[in-house]
Amino acid sequence: MKKVAEKRYCFPGTPADSVDFGLRGLLKDAAPDLVISGVNDGPNTGMAQVNSGTVSAAARAVRYGVPAIAASIGYVFSEEEMKNHWPSTHKYWPESVDYVGGRSG
86 MKKVAEKRYC FPGTPADSVD FGLRGLLKDA APDLVISGVN DGPNTGMAQV NSGTVSAAAR
146 AVRYGVPAIA ASIGYVFSEE EMKNHWPSTH KYWPESVDYV GGRSG
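In this text, residue positions in the sequence shown follow this note's numbering: the first is 86, and each later residue adds one.
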């Protein structure tokens, strides 16, 4: 593991491996309230969920008893379309976190 900035680390493994390391290592004495996995480009629907690192990381957190969100920006056809989707994804994160945390309106 390499520290790249304050409270930011680079981990050489799969997304699920990083959740294991975080919950059994860095945060073993103080589990987080929520694990947020993603945002990745492309869909995590149907059979793609089986191989998704994003979904696997969230599922791993849930196995440890920590609520989790896995998010994708959907199917992206072009670089331009991807640029257009990122801002809207970030716009809805606070609402999603509030919903999972039980603070929805």
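Even glycine gets a Cβ: it sits at the ideal position worked out from N, Cα and C.
Bridge-paired residues (DSSP) for residue i
i, result
"Val-89", "Per DSSP, none; premise fails for Val-89."
"Ile-154", "Ile-121"
"Tyr-94", "Lys-88"
Under the three-state DSSP convention, the category residue i falls into
i, result
"Gly-123", "strand"
"Ser-137", "coil"
"Tyr-149", "coil"
Euclidean distance between Cα positions of residue i and residue j
i, j, result
"Ser-122", "Thr-139", "5 Å"
"Gly-150", "Ala-116", "9 Å"
"Asp-118", "Lys-88", "22 Å"
"Ser-189", "Leu-111", "Unreliable placement is indicated for Ser-189, whose pLDDT of 49 sits below 50; no coordinate value is reported for it."
Residue j beta carbon less than 8 Å from that of residue i
i, j, result
"Ala-146", "Val-120", "yes"
"Ile-192", "Val-185", "This structure leaves residue 192 out entirely; the chain is present only between 86 and 190."
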